[in-house]
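Residue numbers (the numbering used here), protein chains in the order written: chain S, 1 to 129; chain W, 1001 to 1169.
Shown next, in the form of structure tokens:
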């Protein structure tokens, strides 16, 4: 699977750990329709992880900003992972207030769906320093 | 109310690219005024979401020589106002939805509920993104958000955020 490289957002695909697909996001996500870029990319990553019987970690810690349309894309990725019963972990930086607010809200928003899902999406505080 | 300590006002081209240019420019400008980087990032987020909303849903036709879009940022020691204006079609059903959303968000303690509802709506239907950015503004910043349509058919959406941080000497 290829890395995603755009003018402002990069996502590196790391498959160096057995049983794990790590997606490392850097830059920022301010596209008008980020879902057009992100959803197919994450769909491919989920497919790859399913084939490998691996879990997926998405690392947002190095991201400097994302817009609300990106949040909409992320919650759709969460939905897809849950519907496929895949182990998904979202890592964010607890030192960045905007990340804490965004991911805590996402966590609360999906709580009703989590109760019905066979696997849980994990939100992981991962300090960068 | 304190006398204003800064005022930035810009006519804006309605291209998507300008949103991020303005967000980062404001971030850098405000970092010379406020000591808290977190607060500056919050103000940057507010301006970007307001601008995105205006460009997505506003009309591009300039009215009576005015630019189609305008950003105003006014700061005092105790509050910052960020206003984005653009022409609107008064008959647009989107305008009713905007005012209904702002009324919902204005209820004390409702911001989290409204934002989570918006997120759940998007999870269920990817096309249901309307209002997510405005709900995010109020939820993440705790600011108040109001809107008014002037007699010239220009909509102004304004966020008022209590500064609560020390201003650079």
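No residue lacks a Cβ here, since even glycine has one placed at the ideal position from N, Cα and C.
Looking at the unbroken beta strand (DSSP E) that takes in residue i, where does it start and where does it end?
i	result
residue 55 (chain S)	55-66
residue 1005 (chain W)	No beta strand (DSSP E) contains residue 1005 (chain W), which DSSP labels as neither H nor E.
residue 1125 (chain W)	Careful: residue 1125 (chain W) lies outside any beta strand (DSSP E) and carries neither H nor E.
residue 1077 (chain W)	Neither: residue 1077 (chain W) is in no beta strand (DSSP E) and is coded neither H nor E.
residue 1156 (chain W)	1154-1162
residue 93 (chain S)	Taken as a continuous stretch (DSSP letters only), residue 93 (chain S) belongs to no beta strand (DSSP E), as it is neither H nor E.
residue 86 (chain S)	First-last for residue 86 (chain S): undefined, no H or E at that position.
residue 20 (chain S)	20-29
residue 1013 (chain W)	Per DSSP, residue 1013 (chain W) belongs to no beta strand (DSSP E) and is neither H nor E.
residue 1147 (chain W)	1144-1149
Could you give the first and the last residue of the continuous alpha helix (DSSP H) run that contains residue i?
i	result
residue 1038 (chain W)	1037-1057
residue 101 (chain S)	97-116
residue 120 (chain S)	Segment: none, residue 120 (chain S) is in no alpha helix (DSSP H) and carries neither H nor E.
residue 52 (chain S)	34-52
residue 1021 (chain W)	1017-1030
residue 13 (chain S)	Not the alpha helix (DSSP H): residue 13 (chain S) falls in the beta strand (DSSP E), residues 9-14.
residue 1109 (chain W)	Segment: none, residue 1109 (chain W) is in no alpha helix (DSSP H) and carries neither H nor E.
Measure the Cβ-Cβ separation of residue i and residue j and say whether it is below 8 Å.
i	j	result
residue 1097 (chain W)	residue 1163 (chain W)	no
residue 14 (chain S)	residue 4 (chain S)	no
residue 108 (chain S)	residue 1134 (chain W)	no
residue 1014 (chain W)	residue 1068 (chain W)	yes
residue 68 (chain S)	residue 1049 (chain W)	yes
residue 1082 (chain W)	residue 1073 (chain W)	yes
residue 1086 (chain W)	residue 1154 (chain W)	yes
residue 70 (chain S)	residue 34 (chain S)	yes
residue 38 (chain S)	residue 21 (chain S)	no
Since residue i and residue j are thought to touch, with beta carbons under 8 Å apart, how far apart are those beta carbons, to the nearest angstrom?
i	j	result
residue 42 (chain S)	residue 77 (chain S)	4 Å
residue 58 (chain S)	residue 90 (chain S)	5 Å
residue 119 (chain S)	residue 87 (chain S)	6 Å
residue 72 (chain S)	residue 1105 (chain W)	Their Cβ separation, rounded to whole angstroms, is 18 Å, which puts residue 72 (chain S) and residue 1105 (chain W) out of contact at 8 Å.
May I have the straight-line CA-CA distance separating residue i from residue j, to the nearest angstrom?
i	j	result
residue 1023 (chain W)	residue 66 (chain S)	11 Å
residue 128 (chain S)	residue 1124 (chain W)	33 Å
residue 56 (chain S)	residue 1012 (chain W)	41 Å
residue 1020 (chain W)	residue 28 (chain S)	10 Å
residue 113 (chain S)	residue 75 (chain S)	11 Å
residue 1040 (chain W)	residue 1029 (chain W)	9 Å
residue 32 (chain S)	residue 16 (chain S)	33 Å
residue 105 (chain S)	residue 1038 (chain W)	18 Å
residue 11 (chain S)	residue 1004 (chain W)	42 Å
residue 1107 (chain W)	residue 1031 (chain W)	31 Å
residue 36 (chain S)	residue 1076 (chain W)	40 Å
residue 63 (chain S)	residue 1140 (chain W)	17 Å
residue 1111 (chain W)	residue 1103 (chain W)	11 Å
residue 54 (chain S)	residue 1006 (chain W)	53 Å
residue 30 (chain S)	residue 1092 (chain W)	26 Å
residue 1156 (chain W)	residue 1119 (chain W)	25 Å
residue 121 (chain S)	residue 1027 (chain W)	33 Å
residue 126 (chain S)	residue 1018 (chain W)	32 Å
Residues in its own chain within less than 7 Å of residue i by CB, not counting five upstream and five downstream?
i	result
residue 99 (chain S)	60, 92, 93
residue 1016 (chain W)	1055
residue 1169 (chain W)	Low per-residue confidence applies at residue 1169 (chain W): pLDDT is 47, beneath 50, and the placement is therefore not dependable enough to give any value.
residue 46 (chain S)	56, 80, 81, 84, 86
residue 18 (chain S)	none
residue 1 (chain S)	13, 44, 45, 48
Using C-beta distances below 8 Å, list every residue in its chain close to residue i, excluding the 5 sequence neighbours before and after it, in chain order.
i	result
residue 1137 (chain W)	1045, 1046, 1049, 1050, 1143, 1145, 1159
residue 50 (chain S)	84, 86
residue 1147 (chain W)	1098, 1099, 1102, 1155, 1156, 1157, 1158
If I measure Cβ to Cβ from residue i and keep anything under 6 Å in the same chain, skipping five residues before and after, which residues do I get?
i	result
residue 1071 (chain W)	1010, 1012, 1084
residue 1161 (chain W)	1080, 1141, 1143
residue 1094 (chain W)	1057
residue 1121 (chain W)	1128
residue 1114 (chain W)	1104, 1105, 1135
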